[in-house]
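The structure under discussion appears below in the form of structure tokens.
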Amino acid sequence: MLRNKSVKFLDQALRELKNGANIEDVILSLPAKVRPEIAESLRIAESIKALPLQSIPAPEHRRLFLQHTVEKVSRFTLFIQTMQTGYAISAAIVILLVAGTATATERSLPGSPLFGLKKAFEVAQIKIVAHNPASIAQLELSLANQRLTDAQQVFSDQSSNSADKAQAVQELNNQTQLALNQIQQIASSQAVAKDPTIIQNLENLTSKQASLQSQVNPKIAQSAETQNQQALKNIKNLVAVANDQSGTSIPSQKIAQASDIITDISASTITVGKNIFQIDSSTKFVAVNGSALKLSDFYKGDLVTVTGTVSGELNIAQIVTLTKKYVAPVTTTTPPTPNTTDTSTTSPATDNNASSIPETVNQTQNNITGGFILESPTQ
Amino acid sequence: MANSGKNTSDKDIAELVKKAQDGDEYSFSKLYDTYFDRIYSFIYFRVHHKEVAEDLTEDVFIKAWTKIASVNSDSFGGWLYSIAKNKIIDHYRKHREVVDLAEIENVIEADLNIVEEADLKINQKLLLDMIRELTPEQQIIMKLKFLEGLENEEISELISKSIGSIRVVQHRAIQKLQEKFKQKENNLLLNILGVNNVITKSIKPDRSNVKE
Numbered sequence: 000m001l002r003n004k005s006v007k008f009l010d011q012a013l014r015e016l017k018n019g020a021n022i023e024d025v026i027l028s029l030p031a032k033v034r035p036e037i038a039e040s041l042r043i044a045e046s047i048k049a050l051p052l053q054s055i056p057a058p059e060h061r062r063l064f065l066q067h068t069v070e071k072v073s074r075f076t077l078f079i080q081t082m083q084t085g086y087a088i089s090a091a092i093v094i095l096l097v098a099g100t101a102t103a104t105e106r107s108l109p110g111s112p113l114f115g116l117k118k119a120f121e122v123a124q125i126k127i128v129a130h131n132p133a134s135i136a137q138l139e140l141s142l143a144n145q146r147l148t149d150a151q152q153v154f155s156d157q158s159s160n161s162a163d164k165a166q167a168v169q170e171l172n173n174q175t176q177l178a179l180n181q182i183q184q185i186a187s188s189q190a191v192a193k194d195p196t197i198i199q200n201l202e203n204l205t206s207k208q209a210s211l212q213s214q215v216n217p218k219i220a221q222s223a224e225t226q227n228q229q230a231l232k233n234i235k236n237l238v239a240v241a242n243d244q245s246g247t248s249i250p251s252q253k254i255a256q257a258s259d260i261i262t263d264i265s266a267s268t269i270t271v272g273k274n275i276f277q278i279d280s281s282t283k284f285v286a287v288n289g290s291a292l293k294l295s296d297f298y299k300g301d302l303v304t305v306t307g308t309v310s311g312e313l314n315i316a317q318i319v320t321l322t323k324k325y326v327a328p329v330t331t332t333t334p335p336t337p338n339t340t341d342t343s344t345t346s347p348a349t350d351n352n353a354s355s356i357p358e359t360v361n362q363t364q365n366n367i368t369g370g371f372i373l374e375s376p377t378q
Numbered sequence: 000m001a002n003s004g005k006n007t008s009d010k011d012i013a014e015l016v017k018k019a020q021d022g023d024e025y026s027f028s029k030l031y032d033t034y035f036d037r038i039y040s041f042i043y044f045r046v047h048h049k050e051v052a053e054d055l056t057e058d059v060f061i062k063a064w065t066k067i068a069s070v071n072s073d074s075f076g077g078w079l080y081s082i083a084k085n086k087i088i089d090h091y092r093k094h095r096e097v098v099d100l101a102e103i104e105n106v107i108e109a110d111l112n113i114v115e116e117a118d119l120k121i122n123q124k125l126l127l128d129m130i131r132e133l134t135p136e137q138q139i140i141m142k143l144k145f146l147e148g149l150e151n152e153e154i155s156e157l158i159s160k161s162i163g164s165i166r167v168v169q170h171r172a173i174q175k176l177q178e179k180f181k182q183k184e185n186n187l188l189l190n191i192l193g194v195n196n197v198i199t200k201s202i203k204p205d206r207s208n209v210k211e
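Chains as they are written, first to last, in numbering that gives the first Met the number 0: chain A, 0 to 378; chain B, 0 to 211.
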């Protein structure tokens with residue numbers, strides 16, 4: 000009987016230790032009768048746990064199960080499409096060919112038939128981490144590095160023709176742009192400020208990208224490099240400011256960030272909620288997935304996040320991300336005002352003075368919020 | 000049920016499994032994050048090759064994702080480990096012409112994966128020697144439970160024994176180690192005392208020529 004109890008108490012005590020309890024507390028909580036025996040057993044167990052194991056190299060998390068899903072969907076879509084055109088036998092062959100290609104897809108290069116599938120898989124990966132801008136940025140950067148490796152492989156393969164090379168560079172440029180845009184959005188966060196490898200990684204990526212690009216089209220290479228350098232400069236500025244402010248989790252003076260609807264927009268300023276930001280040639284406009292947009296794509300009522308720096312009394316917008324497009328209410332007759340008006344009034348993002356907001360803006364905002372349910376501002 | 004996640008409770012795991020069974024990729028992705036490193040370590044210690052371990056671990060999660068509907072949400076961890084074990088066995092089968100299942104199981108379970116003995120402290124070497132004197136079954140359970148951090152439920156799935164038997168084997172093994180430890184301590188003490196006697200004898204002054 001006592002033995003059965005010992006087995007039970009030992010198991011229970013080991014479970015508590017595993018859940019982080021202190022060994023002395025666990026021993027004291029045992030009935031006095033079994034305490035000496037279990038205490039000795041626990042010490043032996045702890046000694047075994049403390050035996051040093053061989054080191055394990057850190058693994059790469061590839062999430063290939065997502066690829067499996069994408070392939071499953073692709074196979075199904077392909078099957079339906081082919082059945083619709085009556086080529087059932089061809090479909091069966093294609094399905095057999097596509098089946099079991101997880102690794103082949105992962106290793107496919109621009110120009111290969113499986114490359115589209117690989118990109119679909121990457122989109123699924125981004126969807127999975129879409130709740131966290133920092134994770135999206137990391138993933139976009141890692142995909143840009145993947146695209147660089149793809150392009151390098153295409154360039155080193157003697158059977159590649161100039162069209163393959165041009166496509167590989169184009170894919171690399173697009174992905175690098177997405178990574179730069181996404182990192183700009185989170186550049187003021189402590190995650191980037193505390194991790195210098197992100198900047199080093201970007202510098203390495205853009206320099207190798209420029210080198211490959213120059214082999215395909217030197218003229219475009221120069222303009223792309225200038226654009227990338229400008230984006231890198233913006234990121235470094237934001238990181239430098241965040242570093243200066245280390246110790247404060249929410250930058251309040253030098254970095255301005257606001258998430259709200261656009262209450263006014265012109266060629267030179269964008270007002271987000273009550274915060275006015277200057278727009279200049281370095282301001283980037285992007286969609287939530289990182290793809291590039293233009294100023295003309297933005298309207299009053301759109302839900303956006305603006306990240307910028309504070310210069311004196313002005314906020315300079317570095318990146319404007321479109322979170323949700325304005326949807327006109329069914330009952331309203333007033334369309335959203337396009338970005339044609341100009342305003343010279345500017346104030347820092349920290350200015351909470353409601354009286355500085357023009358009356359017309361408040362009216363417009365009331366109309367706008369009837370069109371969709373506003374999400375809480377993301378921080 | 001086993002709580003295998005670092006900060007994820009049993010209830011959370013069961014919830015995630017249920018959502019994944021409804022086709023929610025995000026929930027499965029959370030399960031992947033929770034278990035990936037543990038399954039990878041489990042496989043790595045049995046194949047000793049980074050890329051192979053990574054590939055097999057990914058295979059485990061692909062299989063888990065495709066068969067998720069068939070698992071009981073309360074025994075997800077143990078189920079993953081048993082998939083991993085089968086993947087390891089398949090891996091060895093593929094790479095050997097003649098396969099003896101017992102031999103494979105021996106390969107994948109016998110090694111304790113401790114660092115080089117030269118790097119161990121004296122008491123750790125002593126403990127390791129004592130573990131190696133346990134029965135094979137006791138050694139496997141000690142290894143899975145204390146060196147690899149598996150829960151009783153996961154071990155139960157893996158070696159097809161009831162949770163009750165695992166508790167009993169674990170208790171007996173620890174008691175045996177305790178006895179052995181005491182025995183070795185006593186021997187050590189006796190040795191020390193023996194050595195001291197010799198030393199005492201050897202340094203005892205020779206008084207034979209001394210007149211009283």
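Quick reminder that beta carbons are idealized off the backbone N, C-alpha and C, glycines included.
Span separating the alpha-carbon of residue i from that of residue j
{"i": "GLU156 (chain B)", "j": "SER81 (chain B)", "result": "7 Å"}
{"i": "ASN3 (chain A)", "j": "ALA12 (chain A)", "result": "14 Å"}
{"i": "GLN364 (chain A)", "j": "GLN183 (chain A)", "result": "With a pLDDT of only 36 at GLN364 (chain A), under the threshold of 50, the placement of this residue in the model should not be trusted; the figure read from the coordinates follows. Using only the alpha carbons, I get a separation of about 28 Å."}
{"i": "ASN200 (chain A)", "j": "ALA223 (chain A)", "result": "18 Å"}
{"i": "LEU9 (chain A)", "j": "ALA31 (chain A)", "result": "13 Å"}
{"i": "LEU126 (chain B)", "j": "ASN18 (chain A)", "result": "24 Å"}
{"i": "PHE27 (chain B)", "j": "LYS18 (chain B)", "result": "8 Å"}
{"i": "ALA13 (chain B)", "j": "ARG92 (chain B)", "result": "33 Å"}
{"i": "ASN172 (chain A)", "j": "LYS293 (chain A)", "result": "18 Å"}
{"i": "ASN71 (chain B)", "j": "ALA63 (chain B)", "result": "12 Å"}
{"i": "PHE41 (chain B)", "j": "GLU150 (chain B)", "result": "13 Å"}
{"i": "ASP296 (chain A)", "j": "SER258 (chain A)", "result": "17 Å"}
{"i": "ILE185 (chain A)", "j": "GLN53 (chain A)", "result": "38 Å"}
{"i": "ILE356 (chain A)", "j": "THR308 (chain A)", "result": "Here ILE356 (chain A) scores only 35 on pLDDT, less than 50, and its place in the model should not be relied on; the value that follows carries that caveat. Between ILE356 (chain A) and THR308 (chain A), the C-alpha separation is close to 21 Å."}
{"i": "GLY246 (chain A)", "j": "PRO51 (chain A)", "result": "Confidence at GLY246 (chain A) is low in this model, with a pLDDT of 45, below 50, so its placement is unreliable and the value that follows should be read with caution. Cα to Cα, the separation comes out at about 37 Å."}
{"i": "PRO56 (chain A)", "j": "LYS49 (chain B)", "result": "7 Å"}
{"i": "SER210 (chain A)", "j": "GLU170 (chain A)", "result": "15 Å"}
{"i": "SER5 (chain A)", "j": "LEU142 (chain A)", "result": "54 Å"}
{"i": "SER161 (chain B)", "j": "ILE139 (chain B)", "result": "15 Å"}
{"i": "SER158 (chain A)", "j": "LYS164 (chain A)", "result": "11 Å"}
{"i": "TRP78 (chain B)", "j": "PHE180 (chain B)", "result": "36 Å"}
{"i": "VAL33 (chain A)", "j": "LEU119 (chain B)", "result": "32 Å"}
{"i": "PHE64 (chain A)", "j": "ILE61 (chain B)", "result": "4 Å"}
Buried or exposed (CB count within 10 angstroms, at least 16 for buried), residue i
{"i": "GLN169 (chain B)", "result": "buried"}
{"i": "HIS90 (chain B)", "result": "buried"}
{"i": "GLN221 (chain A)", "result": "exposed"}
{"i": "VAL326 (chain A)", "result": "exposed"}
{"i": "LYS10 (chain B)", "result": "exposed"}
{"i": "ALA68 (chain B)", "result": "exposed"}
{"i": "GLY224 (chain B)", "result": "Since the displayed chain B opens at 0 and closes at 211, residue 224 (chain B) lies outside it and no answer follows."}
{"i": "GLY22 (chain B)", "result": "exposed"}
{"i": "VAL16 (chain B)", "result": "buried"}
Per DSSP, cross-strand counterpart(s) of residue i
{"i": "GLY307 (chain A)", "result": "A:ALA255, A:ALA316"}
{"i": "ASN274 (chain A)", "result": "A:VAL271"}
{"i": "PHE284 (chain A)", "result": "A:VAL319"}
{"i": "ALA291 (chain A)", "result": "A:VAL285"}
{"i": "ILE182 (chain A)", "result": "Looking at the DSSP assignment, ILE182 (chain A) forms no beta bridge with any residue, so it has no partner."}
{"i": "LEU302 (chain A)", "result": "A:ILE260, A:LYS323"}
{"i": "ILE113 (chain B)", "result": "A:LEU52"}
Within chain A, partners of residue i - CB distance below 7 Å
{"i": "ASN190 (chain B)", "result": "Going along chain A, no residue has its Cβ under 7 Å from ASN190 (chain B), so there is no contact; the nearest lies around 21 Å."}
{"i": "GLN123 (chain B)", "result": "LEU50"}
Residues that residue i contacts on chain B, provided the C-beta gap is smaller than 7 Å
{"i": "GLU121 (chain A)", "result": "Under the 7 Å cutoff, chain B gives no residues; its nearest Cβ is about 14 Å from GLU121 (chain A)."}
{"i": "ARG61 (chain A)", "result": "GLU57"}
Residue i: contacting residues in chain B (beta-carbon distance under 8 Å)
{"i": "LEU65 (chain A)", "result": "GLU24, SER28"}
{"i": "GLU39 (chain A)", "result": "GLN177"}
Within chain A, partners of residue i - CB distance below 8 Å
{"i": "ASN112 (chain B)", "result": "LEU52, GLN53"}
{"i": "SER40 (chain B)", "result": "ILE55"}
{"i": "TYR31 (chain B)", "result": "HIS60, ARG62, PHE64"}
{"i": "PHE35 (chain B)", "result": "PRO58, HIS60"}
{"i": "LEU127 (chain B)", "result": "LEU50"}
Proximity test, residue i beta-carbon vs the ligand MN heavy atom, cut-off 8 Å
{"i": "GLN137 (chain A)", "result": "Absence of the ligand MN from the depicted structure is noted, as is the absence of any ligand whatsoever, leaving it without description."}
Against chain B: residues of the segment 4-18 of chain A by CB proximity under 7 Å: SER5, VAL6, LEU9, ASP10
Chain B contacts made by the segment 41-59 of chain A, where a contact means CB separation under 7 Å: ILE43, ALA44, SER46, ILE47, LYS48, LEU50, PRO51, LEU52, GLN53, ILE55, PRO56, PRO58, GLU59
Interface residues of the segment 152-181 of chain B facing chain C [CB-CB below 8 Å]: Looking for chain C here will not work: the only protein chains present are A and B.
Near-chain A residues of the segment 78-91 of chain B - C-beta to any C-beta below 7 Å: none
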